[in-house]
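Participant:
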Amino acid sequence: MAKRHYRLTEAQVNELIAAYAAATDGPTRTRLLAVRLYGTGYPVAEISEITRCSRTSLMEWCQKYLTHGPHALADHRLGGNSRKLTPEQVSDLKERLRQYSPRALFGSDTATAEGCFWTVEDLQRAIQRWYGVNYQSRTSCLTLFARCGFSYQRPARVFKSRREADVVAFEEMVEKNS
-5 MAKRHYRLTE AQVNELIAAY AAATDGPTRT RLLAVRLYGT GYPVAEISEI TRCSRTSLME
55 WCQKYLTHGP HALADHRLGG NSRKLTPEQV SDLKERLRQY SPRALFGSDT ATAEGCFWTV
115 EDLQRAIQRW YGVNYQSRTS CLTLFARCGF SYQRPARVFK SRREADVVAF EEMVEKNS
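This is the structure we're talking about:
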């Protein structure tokens, strides 16, 4: 087994401890801890178990720390989603969704037979029409529904080609027999 040459001085360990205490986000704290553990002699397997990082990541973090210091271990990922609509557009969308029904906007070409309730498909088409923006993810549309104050409910599966007269006659027959 190769002998480890990576050792931290007491000053470096204290620097990492201070940076760890000052860090507010989890990924940065994990990196600082992993580098400190490795530099003080902990086995890589144990560090991987504690921090859930790979050996490759650990070695990259150690190299970054040696060349650039503890600030190089900060998490620079932006996270979140890239919102395609501005807050003003979302506010406008909220009003429009309450003002219009899918049937009023698209006629009989809606995702549900009645066209009374908004579905993800109808929302995607409305946003494309009103704002020229394409949402391809259902999850993003559901999040947008929630931001507009709508809750998600599955629409009833109804064939668009059904004959209303036959449905009424069937419902009358069921009502008479019960």
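For the sequence shown, the numbering used here gives the first residue as -5, with consecutive numbering after it.
Every residue, glycine too, gets a C-beta built ideally from N, C-alpha and C.
Where does Pro64 land, buried or exposed, given buried means 16+ other C-beta within 10 angstroms?
Facilitator: Classification of Pro64: buried, given that the 10 Å Cβ count is 16 or more.
Participant: Considering Cα atoms alone, identify which of Val162, Tyr36, Thr22, Ala16 is closest to Leu2.
Facilitator: Comparing Cα positions, the closest option is Tyr36.
Participant: May I ask you to report which of helix, strand or coil DSSP gives Arg20?
Facilitator: Looking at the sequence shown, residue 20 is not Arg but Gly. Correct three-state label for Gly20: helix.
Participant: On the three-state DSSP scale, how would you describe His65?
Facilitator: His65: helix per DSSP, three-state reduction.
Participant: Give the list of continuous alpha helix (DSSP H) stretches no shorter than 4 residues that lie fully inside the segment 98 to 135.
Facilitator: Counting only runs of 4 or more, we get 114 to 125.
Participant: At which residues does the alpha helix (DSSP H) containing Thr45 begin and terminate?
Facilitator: Start and end: 38 to 45.
Participant: Is the beta carbon of Thr104 closer than 7 Å to that of Asp257?
Facilitator: Coverage of the chain is limited to positions -5 through 172, which leaves residue 257 absent and any answer about it impossible.
Participant: I'd like to know whether the C-beta atoms of Thr24 and Thr45 end up nearer to each other than 7 Å.
Facilitator: Result yes, Cβ atoms of Thr24 and Thr45 sit closer than 7 Å.
Participant: Would you mind working out which of Gly20, Arg(-2), Ser42 sits nearest His70, comparing C-alpha positions?
Facilitator: The candidate whose alpha carbon is nearest that of His70 is Gly20.
Participant: Is it true that the CB of Ala28 sits closer than 7 Å to the CB of Leu52?
Facilitator: Yes, these two residues count as a Cβ contact at 7 Å.
Participant: Checking 7 Å against the spacing of the C-beta atoms, do Val114 and Lys78 come in under that value?
Facilitator: No, Cβ-Cβ distance for Val114 and Lys78 is not below 7 Å.
Participant: Given 8 Å as the limit, is there contact between the segment 152 to 168 and the segment 87 to 98, that is, 3 or more CB pairs closer than that?
Facilitator: Not touching, per the Cβ criterion.
Participant: If we ignore side chains and look at the alpha-carbon of each, how far apart do Cys129 and Cys135 end up?
Facilitator: Before going further, note that residue 129 is Tyr rather than Cys in the sequence given. If I take the Cα positions, the gap works out to 7 Å.
Participant: Taking the alpha helix (DSSP H) that Leu87 falls in, what are its first and last residues?
Facilitator: Element bounds for Leu87: 81 to 93.
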